[in-house]
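The structure under discussion appears below in the form of C-alpha cells.
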Amino acid sequence: MHEPLAYMNAFLEVKAYLEDLAKREGADVPIQYPPEDKLGDLALPVGFKLAKQLRIPPEEAAKRFAGKINHPLIDKVEVANGYVNVFLKRGDVSADVLKAAMDKNYGSAERGGRVVIDYSSINVAKPMHIGHLRSTVIGGSLRRIYRFLGTEAIGINYLGDIGTQFGKLIVAYKRWADEDALEREPIRELLRIYVKFHEEAEKNPSLEEEAREAYRRLEEGDEEYVRLWKRFRELTIRYAQKIYDLLGVEFDEISGESFYVEKARELAETLLKMGIAERDPETGAIIVDFGEKMGKDIILKSDGTTLYLSRDLAALLDRIERYNPDKLIYVVGSEQSDHFRKLFWLADMLGVKRGLVHVPFGLINLPEGKMSTRKGRVVFLEDVLKKATDLAGREMQKRGTYNEEDARKIGVGAVNYAILKVEPEKNITFEWSRILSFEGDTGPYLQYSTVRARKILGKAGDWTPKSAENVNDDEWKMVKLIARFPEVLEEVVQKDRPHVLARYAYELARGFHSFYDHNPVLKSEEPTRSFRLSIVSAFHNVLARSLELLLIQEPERM
RNA sequence: GGGCCCGUAGCCUAGUCUGGAUAUGGCGGCGGCCUUCUAAGCCGCAGGUCCGGGGUUCGAAUCCCCGCGGGCCCGCCA
C-alpha cells in the first residue's frame, strides 16, 4: 500500500483504485501509462495473469476484469492484447488535479521520521574539482527532497581533516606560506605550498622526516600545530562555503574524522573484547574477518592508530546517538562500496537496527583520462561554474535580457542538471561542450519553460480557474504529467536517486514547450482561456518546485 | 585470481528493482515553422544484433546461468 500523501489527486486516486482492484482479483500487476493516447490513460496487463488462474483465454479474462471496474471518474474501458485500457473523464479529473497542483504545497507530504545524509565530505586544504560535484549535488538535492516530504533530513559534511598530509602542510607553511595570499585565496595558496613541499622533498628527503615528526606532534596536541591545523580547516570551510552557496547546497552539520579518533580506538578494543575482531598475532594490529566475500580488514593499526573504517563506525554510532535517525545515507563514490559493506556489517554486528544506505556513484573522468591533480589534469569547480555563468551571460546579451543574477542561475543550473540527470552508477566523461550546452535536455531548457509560463501568468490579469467540457490532447497530457508529481517524489526517496525527479522535470518541461507552441492561452476564448491558465499555473508551480528540489534556481528573464 | 558496478542508434541517455502493447529522450545529420504568450522553442525524417550465447516464461532490454568488453575495489591511505 501507498503511504498516505498529503496532497493526492483524482488521477492518482483512480490509479490506486485500479491497483487495489487488480490485487483483489489476483492479478498483482503494475499499472502502466500507455504509449499512445488512443490506448487510454492507464493500462493493466491483467489478461495473461488471470488467464492462467481461470483457465480461460487472456482476452476473455481481461474482459471479465474490465466488467468489474466501476469508478465515477472512469469514462470507458477497452480490452486489447490482454490489456485493460482505462479512459478517464478528462474534465472532472483535470479540474481536481489542477486545483490540487496550484496549491503551493502540492506534492509535499508528512512522512515523518528522520534521515542523516553524508555528502560532499571534502578534504581539508584541497581544492574542489568536478569529482566532488556528484556527491555534493546528489546529497544536497536528497536533503531538500526529504524535507519537502516531511522527513527531517540532517545533512552532514564529514571533512577529511586527518592524515599525514597535515604534517607536510605544517612544515610547508612554516617555510613558504604567504599570509596575504592565504587570506585572499586560501586553498590556492595551501595547494601551492603543498606542491612545493613535494618538489623540495625530492631534493631534500629530510623534509619527509620533519613532516612525520610534525604530524606526531599534532596528534599529541602540540598547541601551535593544532592551531595551524584548525586554521587550515577553517580556511577550507570558508572557501567551500562560497561554492556551496553558488550550488545551493546546504548542510546542517560540519563534522570531521578528527572527532572520532579516540572513540574509534575504544571501539576497536570493544570489538576485540566482543570477539568480533581479533588481534593479528604477527603484527599486533586488530583485524576483523568479514567472511568469504569481503575477506579480512584492519580496524586498528599495529602502532595503535585508527583507520578510516573504525573512525567511520564511531561516527555512525555517534550519529545514531545524537539524531536517532531511521535511516543513514552515504553519498560516496562507488570505489568505496566494499568499505560501506564492511561498515554496515560491523554496525549490524553491534545490533544497529536502522536503514543503512550507500548511494554509490561513478567517476567523472576527463576525455584524456582520469583526473590527476599531480599531472595538472583537473577541472576546478570554480572554473566550471564561472565558465558556465559567462557563457549564459553571453547568450543573454544576444537576446538583450542580460543580468548578472540570472546568468549565474542559468550557468549553475546547467551544471547541476547535467550532473543530476544521469543515473549515479554511470561514469561520466567531463566534456565542456556537454556541460555548457543550453539546448535540448539541459537545465536551461527547463528554466526557459518556467520563464515562458510565468510570462503568460504575468500578462493574464485577473482570472479564476475554470474547468473545460472538452479537454484536448495537449491539455490532457499536461494534466496527466502534473498529476504524477507526488508519486515521482515517492520513488525518489524510495530509491534515494534524484535523477528520477530530473527525468520527470524534463518530461514535464517538454510537454509544456509543446503545449505552448500549439495552444494559445491569452488569446483564447473563455472558458478555454481560464482553463489553460490553470494548466500554466499548475505546471509552473510543479516545475518550479522540481527545480528547487534539484538545486536549480528559476531565472526572472532569459 | 576474487568482489562490486556499467554495457541500449555515430556520441550521450531513460526504462532493468516490480517481465507485458510498435524500446525513452537528447546531441549530431537532413527538411520545415518566428506579422500571433521570448525560436535557449516547436514539428517531421533518417538512424537499433537493447554486448554475445544459452535458459525460465504465453511473453525477456528487464529474471537465471555462462562468456565478452570497460570501470572500480581487494589488511596497516581515505
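Add 420 to a position in the first sequence, counting from 1, and you land on the number used in my numbering. Backbone N, C-alpha and C fix where the C-beta goes; we use that ideal spot for every residue, glycine too.
Whole-angstrom distance between residue j and residue i, CA atom to CA atom
{"i": "Thr-809", "j": "Ala-827", "result": "6 Å"}
{"i": "Ile-565", "j": "Val-752", "result": "18 Å"}
{"i": "Ile-663", "j": "Leu-801", "result": "8 Å"}
{"i": "Leu-942", "j": "Arg-949", "result": "6 Å"}
{"i": "Ala-426", "j": "Ile-542", "result": "The predicted model places Ala-426 with a pLDDT of 46, which falls under 50 and marks its position as unreliable; any figure quoted below should be read in that light. Going by the C-alpha atoms only, they are around 37 Å apart."}
{"i": "Arg-396", "j": "Gly-831", "result": "Since the first and last residues shown for the chain are 421 and 978, residue 396 lies out of range."}
{"i": "Glu-670", "j": "Val-708", "result": "36 Å"}
{"i": "Ser-561", "j": "Asn-624", "result": "47 Å"}
{"i": "Arg-653", "j": "Arg-637", "result": "17 Å"}
{"i": "His-960", "j": "Phe-932", "result": "9 Å"}
{"i": "Arg-444", "j": "Ala-500", "result": "22 Å"}
{"i": "Leu-438", "j": "Ala-734", "result": "48 Å"}
{"i": "Ser-954", "j": "Ser-792", "result": "52 Å"}
{"i": "Lys-773", "j": "Ser-675", "result": "23 Å"}
{"i": "Lys-519", "j": "Asp-758", "result": "48 Å"}
{"i": "His-422", "j": "Ser-528", "result": "With a pLDDT of 42 at His-422, under the threshold of 50, the modelled position of that residue is not reliable, and the figure given next carries that caveat. Rounded to whole angstroms, His-422 to Ser-528 spans 14 Å at the Cα level."}
{"i": "Arg-685", "j": "Ile-696", "result": "15 Å"}
{"i": "Val-891", "j": "Pro-455", "result": "19 Å"}
Terminal residues of the beta strand (DSSP E) in which residue i lies
{"i": "Phe-507", "result": "503-508"}
{"i": "Arg-794", "result": "That residue, Arg-794, is in no beta strand (DSSP E); it is neither H nor E in DSSP."}
{"i": "Ile-674", "result": "673-676"}
{"i": "Glu-498", "result": "494-500"}
{"i": "His-778", "result": "775-779"}
{"i": "Ile-718", "result": "716-720"}
{"i": "Leu-404", "result": "With the chain covering only 421 through 978, there is no way to say anything about residue 404."}
Boundaries (first-last residue) of the alpha helix (DSSP H) holding residue i
{"i": "Tyr-980", "result": "Beyond the ends of the chain as shown, which are 421 and 978, falls residue 980; an answer cannot be given."}
{"i": "Asp-826", "result": "824-840"}
{"i": "Gly-878", "result": "863-879"}
{"i": "Ile-1006", "result": "Absent from the structure is residue 1006, since the part of the chain shown begins at 421 and ends at 978."}
{"i": "Asp-758", "result": "757-769"}
{"i": "Ile-902", "result": "893-903"}
{"i": "Val-962", "result": "948-969"}
{"i": "Val-434", "result": "430-444"}
{"i": "Pro-478", "result": "478-488"}
{"i": "Leu-474", "result": "467-474"}
Reduced DSSP category for residue i - H, G, I as helix; E, B as strand; rest coil
{"i": "Leu-801", "result": "helix"}
{"i": "Arg-731", "result": "helix"}
{"i": "Ser-857", "result": "coil"}
{"i": "His-549", "result": "strand"}
{"i": "Lys-747", "result": "strand"}
{"i": "Asp-516", "result": "helix"}
{"i": "Arg-685", "result": "helix"}
{"i": "Val-535", "result": "strand"}
{"i": "Asp-665", "result": "helix"}
{"i": "Ile-740", "result": "helix"}
{"i": "Thr-821", "result": "coil"}
{"i": "Thr-884", "result": "coil"}
{"i": "Thr-849", "result": "strand"}
{"i": "Thr-703", "result": "coil"}
{"i": "Leu-786", "result": "strand"}
{"i": "His-422", "result": "Residue placement at His-422 is flagged as unreliable, the pLDDT there being 42, under the threshold of 50; a coordinate-derived value is accordingly withheld."}
{"i": "Asp-810", "result": "helix"}
Top-ranked residue by Cα proximity to residue i, from the options
{"i": "Val-535", "options": "Lys-846, Arg-917 and Tyr-750", "result": "Tyr-750"}
{"i": "Met-769", "options": "Leu-737, Glu-741, Gly-789 and Arg-794", "result": "Leu-737"}
{"i": "Lys-875", "options": "Gly-715, Ile-674, Asn-785 and Val-956", "result": "Val-956"}
{"i": "Phe-951", "options": "Thr-690, Leu-432 and Val-513", "result": "Val-513"}
{"i": "Leu-967", "options": "Thr-725, Met-978 and Tyr-924", "result": "Tyr-924"}
{"i": "Leu-464", "options": "Arg-484, Asn-939 and Pro-492", "result": "Arg-484"}
{"i": "Leu-840", "options": "Leu-432, Val-434, Asp-732 and Thr-862", "result": "Thr-862"}
{"i": "Pro-787", "options": "His-778, Val-799 and Val-777", "result": "Val-799"}
{"i": "Lys-509", "options": "Tyr-539, Ala-880, Gly-587 and Ala-430", "result": "Ala-430"}
{"i": "His-919", "options": "Met-548, Ile-848 and Ile-558", "result": "Ile-558"}
{"i": "Leu-805", "options": "Ser-678, Ile-855, Lys-716 and Gln-817", "result": "Ile-855"}
request  = Entirely within the segment 552-638 and at least 3 residues each: give me those beta strand (DSSP E) ranges in chain order.
outcome  = 572-579
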